[in-house]
Every structure is written in C-alpha cells, then in structure tokens.
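So the sequences go chain by chain: A and B. Residue numbering for the first sequence follows this note's numbering, starting at 7 and increasing by one per position. Residue numbering for the second sequence follows this note's numbering, starting at 12 and increasing by one per position. Note that CB positions come from ideal geometry on N, CA and C, so glycine has one too. These notes concern the structure reproduced below.
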Amino acid sequence: MPAPAQQRIIFQHIDEPGYTNDIECYLRNGGYEVLKKSVARPPADLIDEVKKSGLRGRGGAGFPCGVKWGLVDRKSGKPIYLIVNADESEPGTFKDRYIMHQDPHQLIEGTIISCFANNVKQAYIYIRGEMPEGARILEKAIAEARAKNFVGPNILGTGYSCEIYVHRGAGAYICGEETGLIESLEGKRANPRIKPPYFPAVLGLYQCPTIVNNVETLCHVRYIAEHGGEAYSKIGTPGNTGTRIFCVSGHVQRPGYYEFPAGTITMGQLLNDVCGGPLPGRTFKAVIPGGSSAKVLRFGERYKGKRKVGADMVDYDWGVEDVPMDFDSLAMIGSMGGSGGVIVMDDTVNMVEALANINAFYSHESCGQCTPCREGSLWMKKISARMVHGDARPQDGALLKSVADQIPGRTICAFGEACSWPTQSFIIKFKDEFDAYSEVKKTLPADRRVLV
Amino acid sequence: MNLKPETFQRIDEVITHYPVKRSATLPLLHLIQEDAGHISDEAITWIAQKLELQPINVLEVVTFYPMFRRAPIGRRHIKVCRTLSCALSGGYKTCETFEKEFCTHRGEISPDGEVTVEFVECLASCGTAPVVLIDETLHTKVDATKAKQLSDQIKAEAAARK
Ligand SMILES: Cc1cc2nc3c(=O)[nH]c(=O)nc-3n(C[C@H](O)[C@H](O)[C@H](O)COP(=O)(O)O)c2cc1C
Ligand code: SF4
Ligand code: FES
C-alpha cells in the first residue's frame with residue numbers, strides 16, 4: 007500500500023516560499039481570527055472542545071490535554087500559570103524548532119487561547135538555551151502581538167489580560183521534564199520534584215496551579231478552537247486523534263519532518279515511501295520510534311497479539327514495517343510514540359557503539375538527585391565506552407543490563423526510565439552483537455565511522 | 012560590576028517579568044555572560060545581591076547548567092552536536108576537523124585565541140545532521156568539507172580584523 011498523503015495542519019506554512027515569521031504575514035493568512043472568535047466564547051466551552059478533540063500531548067507522554075486541564079486546581083484562589091514547554095531536547099526531536107522559527111504567531115495564538123480558556127494571566131515560554139535565535143524571534147513576535155492588542159492588558163477590549171514572557175534555559179536536558187522546568191523557571195537547579203505532592207496542576211510554579219504543555223500541543227489547541235473538537239477528533243484514528251509530526255533522522259535518503267493523520271501511516275511507509283528508503287547499497291537494521299529513550303525496534307522481529315479494532319479484538323502479526331505510527335500501537339509492541347523523533351540506523355551501525363553514544367547522553371544529563379539514576383547512567387556510560395575504547399568482555403552485555411534493570415521505578419522522575427530503556431532494549435534485541443563485540447571489534451576497519 | 016549601560020537596562024527590565032525575583036537568575040546570568048564573556052566571582056555576588064539571594068544560590072545554578080562558564084573562551088564558540096543522529100552522519104569527524112583546523116582540543120581555547128571547540132548534546136536539528144552552532148548561528152549538514160569551509164571563513168574574518 008502506498009503511503010497516505012501528508013496532511014499539514016500544524017506545519018501548513020513551514021517552508022512555504024514567501025511565508026515569513028512577522029505578524030503581517032500571519033495576519034494575511036488569517037492569523038488571530040481564531041483568537042478573536044475564542045475570546046467571545048465562554049472559557050468552559052473551549053475546554054470542552056479540547057476534551058472532545060481527544061488531543062494528546064505532543065511533548066512525549068501523550069497525556070490527554072483536556073484531562074490535564076481538568077485537573078487544574080481552580081478553587082485555591084491562587085493564580086494559574088501556563089508554561090509552554092519549548093525545551094525540545096529529546097534526541098531525535100526537531101519539530102518545535104520549526105514552529106518557533108518559522109511560524110511563531112501560531113504558537114502565540116494557541117497559547118493565548120489556552121490561557122483564556124484556563125483563566126491564566128501569566129504565561130512563560132521556556133525555550134532551551136541553545137536556541138538564541140528562536141528566543142529572539144519569539145520575543146519580537148510577542149511584541150508585535152502586544153502592539154496589536156492580542157497579548158497584554160485588556161485583550162481585544164474583552165477585559166481579559168494576559169502576558170507572555172520568554173524564559174531561556176541553559177543547556178540542561180532535564181529542564182524538559184515539567185517539574186524540573188518549573189524549578190528552573192524559579193531560578194534554581196532543574197531538580198525534578200517528587201509527585202505526589204508536586205503535581206503541577208496543583209502545586210506548580212511558585213506553588214500555584216500550573217499547566218505545562220508542549221509547543222506543538224498548543225498549536226493543535228489553536229486548530230481545535232478554529233474547527234471544533236468534533237471535527238478534530240475525526241482526523242487520525244480513535245484514541246489517536248489529529249495529526250502527528252514525525253521527525254526522521256539518521257540513515258534514510260530524505261530525513262526531515264512529515265505530518266500525517268495519526269495512525270494512518272506505518273513505519274514502513276514512512277521510511278520507504280516518504281523518506282526514500284535506505285541509503286544506496288544499505289539495509290535498515292534498527293529504528294528508535296519516539297526519541298532516543300524509546301525502546302529500539304529491530305528489523306526482522308515480529309510482534310504478535312490481539313488488538314482492538316472498533317468493537318472487535320483482532321489478531322495482529324506485524325514486522326517493524328507494518329506497525330502503525332500511533333501512541334497505542336507503538337506502546338503495544340513495547341516501545342513508544344513519544345515525541346515523534348524517529349532515528350534510523352542501517353547495517354553499517356554497530357549497536358554497541360550506538361548504545362554507547364546514547365548512554366553518554368543520559369549520563370551527561372542526569373540531574374543527579376537519585377542514586378540509581380545518577381550512578382546507573384554513569385556506569386552504563388562507562389561500561390559501554392570501555393567496550394568501545396578499551397577491553398570488551400563477552401559478559402558486558404549482561405552487566406550493562408543488570409545496571410539498567412535497577413533504575414526504573416526507583417527514581418523521582420521518568421528520566422530513570424528514559425535512561426534505562428535504551429540499554430535494556432538494545433541488549434535484549436541485539437544480544438548477539440553485544441556477546442560478539444570483543445571478537446568483532448578486532449576485525450572492524452580502523453577508519454570506520456566513530457559513534458562515541 | 013563593569014557592564015554596558017544597555018545590559019543594566021535589560022537586567023532591570025527582565026526582573027519585572029517575574030513575581031519572585033529569584034526567577035531572574037538564569038536571565039541575569041545570560042545577560043552578564045553575553046556582555047562579559049563568562050561568569051566571574053564578582054558577577055555571582057552581584058547577582059545574589061541584586062536578587063536578594065545568597066551567592067551559593069547563584070553559584071549552584073552556574074555549576075548545574077552547561078551553558079554557563081566560569082572562565083573565558085575563544086573569540087568564537089564552535090559547538091558541535093555529539094548525539095546519535097549527528098554521530099550517525101559523521102559528527103565526530105566534523106568535530107575533529109575543527110580541532111585540526113585550529114590546532115586545538117575540545118574544551119580548550121585555540122592557540123591563536125580565535126575559537127573554543129566543544130561537543131554539545133542534541134541541538135534539535137537532527138534532520139539536518141551533522142549540525143554545528145557557531146556563536147548564535149546554526150549550521151546544518153556540516154560534513155568535514157563544510158567544516159573546513161567554515162574554519163577558513165573564521166580564519167579570514169580573524170585576518171581581516173588584524
Ligand atoms: C526526562 C524528560 C524530558 C522531557 N523533555 C521534554 C521536552 O524537551 N519537551 C517537551 O515538550 N516535553 C518534555 N518532556 C515531557 C514533559 O514532562 C511534559 O510531559 C510535557 O511538556 C507536557 O506537555 P504535553 O502534555 O503538551 O505533551 C520530558 C519528560 C521527561 C521525563
Ligand atoms: S531520575 Fe535522574 S533526572 Fe530524574 S530526578 Fe532522579 S536523578 Fe534527576
Ligand atoms: S542529534 Fe544532533 S541535532 Fe539532534
């Protein structure tokens with residue numbers, strides 16, 4: 007089956023010739039019309055539309071946005087904050103960058119609509135420090151929107167006021183985790199908070215109820231406010247509504263970003279039809295489907311079980327190529343859709359070396375609060391780096407896995423899972439390569455590509 | 012503190028963005044580092060005073076976040092992405108090329124004072140790997156050849172300044 011056509015609702019104007027990131031261009035394309043209509047509606051209606059839409063967060067966990075908004079403590083009398091998570095730092099993910107650089111007003115409009123719906127008076131966009139240009143673009147866009155009365159005091163004469171400020175991070179991945187982000191925004195080390203009791207919806211920024219949403223999620227809210235939750239829920243598949251942006255990187259002919267109705271495209275269609283297949287003379291070996299912490303899939307393996315299709319349970323028997331790229335299917339086969347970052351590796355990659363690269367990342371980024379995560383990620387890095395650069399032993403795979411197995415479920419935040427999943431899945435699925443590495447290493451060409 | 016008048020202005024402005032002064036710690040560190048090149052002891056005490064904190068509250072932030080530095084670096088900052096997608100496309104070779112071109116090692120100032128080359132983690136542009144951030148500009152698909160070109164450009168700009 008050929009791949010379905012792209013449906014660009016969020017990336018509609020990305021890379022469009024002549025489309026610029028200033029407000030005049032946005033207004034010419036119908037910008038801020040949705041905001042005008044939204045502020046004339048009761049806020050509760052907008053929340054209902056988002057609930058009806060089935061929108062799931064695009065930051066990684068896929069948590070339903072309407073449910074998240076429903077958890078916000080509105081009785082405390084404290085101000086409610088909204089934070090746009092623009093930290094985009096999960097390796098393999100690069101969608102929010104293009105929204106902020108090329109279409110910042112889409113994000114600002116989505117943000118103000120979400121603030122209005124939730125009675126938020128102050129929003130912050132937390133953008134990673136390595137995007138100085140993005141921060142400048144957003145600041146300029148907010149100033150433009152303020153000058154036109156879309157942001158700031160008494161928006162469009164409604165009596166509703168809301169400010170947005172841009173806050174820059176400084177190179178720490180853990181600031182993407184929402185409670186780490188909140189600590190960072192409070193001017194501290196980004197040490198994630200323990201839940202309970204620190205659920206952002208109740209005790210977030212300055213101990214006030216706080217909504218944290220990903221950049222892309224808020225752009226979907228803008229679309230939902232325009233077309234209605236019902237219409238949105240018809241895009242994609244039940245439970246996986248709307249579109250999904252896939253960021254494909256690594257060993258394919260045409261890496262890049264592609265937006266499809268969720269669940270309508272399979273991994274094989276995405277990699278072969280859309281991305282042009284493997285590089286000349288190579289074959290696909292492995293793919294990480296949802297950012298570097300998602301469990302790796304090995305080409306050639308099969309996934310079997312029963313799944314729900316409509317009201318029926320049907321058998322499935324999939325190869326990697328057959329898996330529909332939605333949250334639920336990827337979870338069913340033991341991995342995850344995460345942030346949509348698809349990293350492809352072909353037969354030139356040695357999996358021990360690829361894992362050593364990933365382990366170096368997680369060890370560098372652990373915030374260090376929890377012993378299993380801090381020590382575990384460090385030892386996984388040390389062992390895998392030793393295998394590559396020093397002595398490798400046949401039992402190292404088992405050793406690595408025994409370290410990884412002791413981390414998940416024993417930490418404050420989900421980074422513990424994120425750093426152990428790559429090691430666990432690489433070693434289970436490529437045991438042969440780990441076992442043989444000490445021998446294979448002797449025969450590898452000296453001038454091969456270095457991964458770590 | 013010896014800073015440009017404009018920096019002081021921006022510092023006073025940014026503090027108003029937050030209901031709690033401490034939140035301005037990262038913005039102040041960015042502004043001062045942009046102006047002064049690095050974060051000195053004096054800057055830490057100054058920020059602490061400005062935000063009514065203890066110096067340790069500022070120091071612990073500086074040491075946590077990789078972007079803040081306690082010592083000067085070369086005139087240009089070359090940050091090469093080290094993470095998987097870039098490595099799969101030759102990022103290590105890219106980094107080596109810069110090191111060779113400027114006779115330097117990762118994390119050190121080159122002998123001519125022109126650059127500091129560094130590895131950083133994923134820069135969120137993995138689809139255009141390998142990527143390099145030079146000061147504030149992102150360069151995409153920087154293979155060894157393009158790394159050489161960029162190096163030549165930096166050298167030419169340095170020569171023109173002399
Ligand atoms: C270690 C870790 C890193 C994360 N990094 C990001 C990130 O860079 N960007 C992001 O939007 N969410 C990130 N998240 C998810 C956030 O914690 C949070 O769930 C998300 O911002 C919620 O927004 P959403 O519901 O709109 O997806 C991360 C989570 C963890 C555990
Ligand atoms: S799991 Fe890791 S990153 Fe998360 S709080 Fe613990 S040490 Fe920090
Ligand atoms: S891996 Fe280099 S930009 Fe993401």
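Exposed or buried, which one is A/K81 when buried takes at least 16 other CB atoms within 10 Å? For the purposes of this step, residue 81 of chain A is taken as residue 75 along the first sequence, with counting starting at 1. A/K81 comes out exposed.
Name, please, each residue of chain B whose Cβ falls closer than 7 Å to the Cβ of A/S298. Here the question's residue 298 of chain A lines up with position 292 in the first sequence. Those within 7 Å of A/S298 in chain B are L95.
Considering only the alpha carbon of each residue, which of A/G60, A/E381, A/V157 and A/A176 lies closest to A/S167? Mapped onto the first sequence, residue 167 of chain A falls at position 161. Checking every option, the nearest Cα to that of A/S167 belongs to A/V157.
Taking the alpha-carbon positions, what's the A/P330 to B/F113 distance? The residue given as residue 330 of chain A occupies position 324 in the first sequence. The residue given as residue 113 of chain B occupies position 102 in the second sequence. When rounded, the distance between both Cα atoms is 48 Å.
Counting C-beta neighbours from all protein chains within 10 Å, is the total for B/E71 16 or more, i.e. buried, or is it exposed? As a position in the second sequence, residue 71 of chain B is number 60, starting the count at 1. Exposed, since its Cβ has fewer than 16 Cβ neighbours within 10 Å.
Is there contact here, the segment 384 to 396 of chain A with the segment 25 to 43 of chain B, by at least three beta-carbon pairs under 8 Å? no
Could you check whether A/D328 and A/G274 sit closer than 8 Å to each other, using their CB atoms as the reference points? Taking the first residue of the first sequence as 1, we reach residue 274 of chain A at position 268. Taking the first residue of the first sequence as 1, we reach residue 328 of chain A at position 322. Yes, the pair counts as a contact, with Cβ atoms nearer than the cut-off.
In this structure, does DSSP put A/S266 in helix, strand or coil? Your numbering for residue 266 of chain A matches position 260 in the first sequence. In the sequence as displayed, the identity of residue 266 of chain A is Phe instead of Ser. Looking at A/F266 - three-state DSSP - the assignment turns out to be strand.
Residue burial classification, A/G422 (beta-carbon count within 10 angstroms, cutoff 16): For the purposes of this step, residue 422 of chain A is taken as residue 416 along the first sequence, with counting starting at 1. It counts as buried.
Interface residues of chain A around B/A135 at Cβ under 8 Å? Here residue 135 of chain B refers to the residue found at position 124 when the second sequence is read from its first residue. Under the 8 Å cutoff, chain A gives E94, S95, T99, F100, D102, R103, R134, E136 and M137.
Cross-chain neighbours of B/F79 in chain A, by beta carbon under 7 Å: Sequence index remark: in the second sequence, residue 79 of chain B carries index 68 (1-based). Going along chain A in sequence order, the residues near B/F79 (Cβ under 7 Å) are A176.
Residue-level contact to chain A via CB, B/P30, 8 Å cutoff: On the second sequence, residue 30 of chain B is found 19 positions in, with the first residue counted as 1. It does: the Cβ of B/P30 has a partner Cβ on chain A nearer than 8 Å.
Less than 8 Å between the beta carbons of B/V31 and B/V91, yes or no? Looking up residue 31 of chain B in the second sequence gives position 20. Looking up residue 91 of chain B in the second sequence gives position 80. Cβ atoms of B/V31 and B/V91: not closer than 8 Å.
Is A/N91 close to chain B? Criterion is C-beta to C-beta, closer than 8 Å. On the first sequence, position 85 is the one that residue 91 of chain A refers to. So no, A/N91 is outside the interface.
Following a CB-centred definition, is B/T108 positioned closer than 7 Å to any heavy atom of ligand 3? Numbered from its first residue, the second sequence carries residue 108 of chain B at position 97. No, the beta carbon of B/T108 sits no closer than 7 Å to any heavy atom of ligand 3.
When DSSP builds the beta bridges, which residues end up paired with B/H116? For the purposes of this step, residue 116 of chain B is identified with residue 105 of the second sequence, where counting begins at 1. None; B/H116 has no bridge partner.
Can you give me the C-alpha to C-alpha distance between A/V218 and A/K42, rounded to a whole angstrom? In the first sequence, residue 218 of chain A corresponds to position 212, counting from 1. In the first sequence, residue 42 of chain A corresponds to position 36, counting from 1. About 24 Å.
Tell me which residues share the same chain as B/H116 and place their Cβ nearer than 7 Å to its Cβ, disregarding the 5 neighbours each side in the sequence. Here residue 116 of chain B refers to the residue found at position 105 when the second sequence is read from its first residue. The answer, listed in chain order, is E110.
Closer than 8 Å, Cβ to Cβ, to anything on chain E: give me those residues from the segment 194 to 218 of chain A, in chain order. The chain inventory of the structure shown lacks chain E, comprising the protein chains A and B.
Interface residues of chain B around A/C281 at Cβ under 9 Å? The residue given as residue 281 of chain A occupies position 275 in the first sequence. Per Cβ cutoff of 9 Å: no residues; A/C281 is ~10 Å from chain B at best.
Can you pull the DSSP bridge partners for A/W385? Here residue 385 of chain A refers to the residue found at position 379 when the first sequence is read from its first residue. Per DSSP, none; premise fails for A/W385.
Contacting positions in the segment 97 to 113 of chain B - beta carbon closer than 8 Å to chain A: A98, L99, S100, G101, Y103 and K104
So which residues of chain A does B/R33 contact, with C-beta pairs closer than 7 Å? Within the second sequence, residue 33 of chain B is the residue found at index 22, counting from 1. The contacting residues are E192 and G193.
Residues in the segment 243 to 266 of chain A with C-beta within 7 Å of chain B's C-beta atoms, listed in sequence order? Per Cβ criterion, the list reads C253, V254, S255, G256, H257, P261, G262 and Y263.
Nearest to A/K127 by CA position, among A/G346, A/I161 and A/D453, is which residue? For this step, residue 127 of chain A is matched to residue 121 along the first sequence. Per the Cα distances, A/I161.
Taking the alpha-carbon positions, what's the B/L134 to A/D323 distance? Residue numbering aside, residue 134 of chain B sits at position 123 when the second sequence is read from its first letter. Residue numbering aside, residue 323 of chain A sits at position 317 when the first sequence is read from its first letter. The alpha-carbon atoms of B/L134 and A/D323 are separated by roughly 37 Å.
State yes or no: is the beta carbon of B/A54 nearer than 8 Å to at least one beta carbon in chain A? Translated into positions along the second sequence, residue 54 of chain B becomes position 43. It does not: the Cβ of B/A54 has no partner Cβ on chain A nearer than 8 Å.
Within a Cβ cutoff of 6 Å, which residues of the same chain sit near A/D79, ignoring the five residues on either side of it in sequence? Working through the first sequence from its first residue, we reach residue 79 of chain A at position 73. The answer, listed in chain order, is V208 and P215.
B/Q44 (DSSP reduced to helix, strand or coil): Reading the second sequence from its first residue, position 33 is the one you call residue 44 of chain B. Helix, per DSSP.
Is there a Cβ of chain B sitting closer than 8 Å to that of A/E371, yes or no? Indexing the first sequence from 1 puts residue 371 of chain A at position 365. Interface residue, yes.
Interface partners of B/H41 on chain A, CB under 8 Å: Sequence index remark: in the second sequence, residue 41 of chain B carries index 30 (1-based). Those are G135, R174 and A176, listed as they occur along chain A.
Expressed to the nearest angstrom, what Euclidean distance is found between the alpha-carbon atoms of A/F305 and A/R199? Against the first sequence, residue 305 of chain A aligns to sequence position 299. Against the first sequence, residue 199 of chain A aligns to sequence position 193. Cα-Cα distance, rounded: 38 Å.
Any non-hydrogen atom of ligand 1 within 7 Å of A/C74 CB: As a working mapping, residue 74 of chain A is identified with position 68 in the first sequence. The sequence given here places Lys at residue 74 of chain A; Cys does not occur at that position. A/K74 Cβ: within cutoff of ligand 1.
Under 7 Å by beta carbon: chain B residues contacting A/R455: As a position in the first sequence, residue 455 of chain A is number 449, starting the count at 1. G101, listed in chain order.
A/V315 classed as buried or exposed, judged by whether at least 16 other C-beta atoms fall within 10 angstroms: Counted from its first residue, the first sequence places residue 315 of chain A at position 309. That one is exposed.
Neighbour list for A/G347 in chain B, Cβ cutoff strictly below 8 Å: Counting from 1 along the first sequence, the entry for residue 347 of chain A is found at position 341. What A/G347 touches in chain B: C137.
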